[in-house]
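Number of protein chains: 2
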Amino acid sequence: MKLQVAIDRVPLDVAKELAQILDSYADVIEIGTSLVKDYGNLAITTIKQATKHAQLLVDSKTIDEGHYEFTQGFKHGADYITVMGAASLDTLKTCYQVSEALQKTMVIDLLEVQDEKIAQISGFDNALYALHHSIDREDEFDAVATVTKFHQKFPTISRLAIAGGIDLLTAQDLAKQGIIEQIIVGSAITKAEDPIKAIKQFKEALLS
Amino acid sequence: MKLQVAIDRVPLDVAKELAQILDSYADVIEIGTSLVKDYGNLAITTIKQATKHAQLLVDSKTIDEGHYEFTQGFKHGADYITVMGAASLDTLKTCYQVSEALQKTMVIDLLEVQDEKIAQISGFDNALYALHHSIDREDEFDAVATVTKFHQKFPTISRLAIAGGIDLLTAQDLAKQGIIEQIIVGSAITKAEDPIKAIKQFKEALLS
Chain C
1 MKLQVAIDRV PLDVAKELAQ ILDSYADVIE IGTSLVKDYG NLAITTIKQA TKHAQLLVDS
61 KTIDEGHYEF TQGFKHGADY ITVMGAASLD TLKTCYQVSE ALQKTMVIDL LEVQDEKIAQ
121 ISGFDNALYA LHHSIDREDE FDAVATVTKF HQKFPTISRL AIAGGIDLLT AQDLAKQGII
181 EQIIVGSAIT KAEDPIKAIK QFKEALLS
Chain B
1 MKLQVAIDRV PLDVAKELAQ ILDSYADVIE IGTSLVKDYG NLAITTIKQA TKHAQLLVDS
61 KTIDEGHYEF TQGFKHGADY ITVMGAASLD TLKTCYQVSE ALQKTMVIDL LEVQDEKIAQ
121 ISGFDNALYA LHHSIDREDE FDAVATVTKF HQKFPTISRL AIAGGIDLLT AQDLAKQGII
181 EQIIVGSAIT KAEDPIKAIK QFKEALLS
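Going line by line, the protein sequences match chains C and B.
FYI, UniProt numbering numbers position 61 of the first sequence as 61, with every residue one higher than the one before it.
FYI, UniProt numbering numbers position 95 of the second sequence as 95, with every residue one higher than the one before it.
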């Protein structure tokens, strides 16, 4: 199981420092949407320069203009870029074409996407599908149960990631469950008093 | 009827020049999503400095982290910010609270939003609802017919905008129809050989 660490809502110099110290532990470092919208492509190139080991995910949350946004993101150093499952099927197809042509990965963010639409967009074999509970929503999120249900409903979607307030215990449970390919952790690592200690704990949890 | 001009997919210095020359004709200048994702908040502050007359719309296409993105956008100079209708109701509520508190305007982008969801999110009285046909979609878009149908289905939504390949003839027809508050024009003005001549033609069309 891969560990993706999301960096969000911090000044770019802090993001750069975090990326540097987390680089050798994280499989994937995520340049959060807040960094994209605050700093643009400069966020991507800055974090790219600060990392040697981890792959980079740009949380672009593209919902239109797929060709432009994906081309720009990969050009500036992304290995993965996110598109919203709520986008039109034509937008998803365009993003997938750009990703496949460059041998990069399209990540489909399933935030607020209903089952009927998921069925329509389930055929992108090399895409990573990200189960995502909105940071703004006030209801509870049971990650393990969500994954079980999703896997039963959509057994042909093989590459799954999950995001939304994942803590250490949830990470451990998801690792035991063995369905998720990539787990996305944000503030539990980046806002921890000691981010290196925190990421080491997550790495251990994923092995146990 | 107000005229909103969308600037997209150009380097920031070109965007700044366009904003300067269109400022006295446009009611609203839109900092397109491509500028937001390429340059971040710098796009907003640069276009803000370049304009005196027009109001500024930041096409953030927020779909999560509503409080953060709307606070940042308004702080840097936006008068209007867009949120996706596809976002969770909690995200929309947060964006609306921030907008109302600052006496700014939330614009709800209805791209790919189904009727059932529109009904759920139709109660934000001061918000501007933007009918929007994806640039990536390959099907045709009849703007006038779309507005008629929308208005019949959702008569309580009074503030309407429309975007998606609007040309001069369509602008004229929409003006005659008299339902739309704000018309959004992009490349028909910004990519015209003579953008000032083009925007003057649109202004005239809206008066006729």
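Heads up, the beta-carbon is just placed ideally off N, CA and C, and yes, glycines get one too.
The structure displayed is predicted, hence computed values, not measured ones.
- Looking only at 28/B, 127/B, 122/B, 56/B, the smallest Cα-Cα distance to residue 150/B is reached by 122/B.
- Taking a Cβ-Cβ threshold of 9 Å, the residues of chain C close to residue 34/B are 65, 68, 69, 72, in chain order.
- Here the C-alpha atom of residue 88/B lies approximately 21 Å from the C-alpha atom of residue 145/C.
- The three-state secondary structure of residue 147/C, taken from DSSP, is helix.
- Here residue 98/B is not near residue 133/B, since their CB atoms are 9 Å or more apart.
- Not a single C-beta of chain C is nearer than 9 Å to the C-beta of residue 123/B.
- For the 9 Å CB-CB criterion, residue 129/C and residue 147/C do not form a contact.
- A straight line joining the alpha-carbon of residue 23/C with that of residue 53/C spans about 6 Å.
- For the C-beta of residue 88/B, the chain C residues within less than 9 Å are, from N- to C-terminus, 111, 112, 134, 136, 137.
- When DSSP reads this structure, residue 57/B sits in a beta bridge with 30/B, 80/B.
- Going by DSSP, residue 113/C is part of no alpha helix (DSSP H) at all; its letter is neither H nor E.
- Taken in chain order, the whole beta strand (DSSP E) runs of length 3 or more contained in the region 121-184 of chain C are 128-132, 160-163.
- Assigned with DSSP and collapsed to three states, residue 44/B falls in helix.
- DSSP links residue 5/B through a beta bridge to 29/B, 185/B.
- Taking CB atoms only, residue 42/B has a neighbour in chain C less than 9 Å away.
- Scanning 29/B, 19/B, 10/B for the CA closest to the CA of residue 37/B turns up 10/B.
- Contact with chain C is found for residue 9/B, since one of that chain's Cβ atoms lies less than 9 Å from the residue's Cβ.
- Residue burial annotation: residue 125/B is exposed, with fewer than 16 other C-beta atoms found within 10 angstroms of its C-beta.
- Around residue 46/C, the same chain offers 12, 15, 16, 39 as residues with beta carbons nearer than 8 Å, after the five sequence neighbours per side are excluded.
- Separation of residue 42/B and residue 74/C (C-alpha to C-alpha, rounded to the nearest whole angstrom) is 21 Å.
- Closer than 8 Å at the C-beta level to chain B, one finds these residues of the region 42-63 of chain C: 42, 43, 60, 61, 63.
- Within chain B, 39, 40, 41, 42 have C-beta atoms less than 9 Å from the C-beta of residue 39/C, given in sequence order.
- Closest in alpha carbon position to residue 187/C, among 161/C, 140/C, 205/C, 166/C, is 166/C.
- Look at residue 107/B here: in three-state DSSP terms it is strand.
- For residue 62/B, the pairing in a beta bridge is given by DSSP as 83/B.
- Of the residues 110/B, 184/B, 64/B, the one whose Cα lies closest to the Cα of residue 31/B is 184/B.
- According to the DSSP assignment, residue 11/C belongs to no alpha helix (DSSP H), since it is labelled neither H nor E.
- A distance below 9 Å separates the beta carbons of residue 131/C and residue 161/C.
- Listed along chain C, the residues sitting closer than 9 Å to residue 91/B by beta-carbon distance are 112, 134, 135, 136, 137.
- No Cβ of chain B is located within less than 9 Å of the beta carbon of residue 105/C.
- When the alpha-carbon of residue 48/B is set against those of 138/B, 76/B, 26/B, 21/B, the nearest one is in 76/B.
- The criterion of a C-beta distance shorter than 9 Å is not satisfied by residue 140/C and residue 90/B.
- If you draw a straight line from the Cα of residue 5/B to the Cα of residue 152/C, it is about 47 Å long.
- Taking the Cα positions, residue 202/C is about 11 Å away from residue 2/C.
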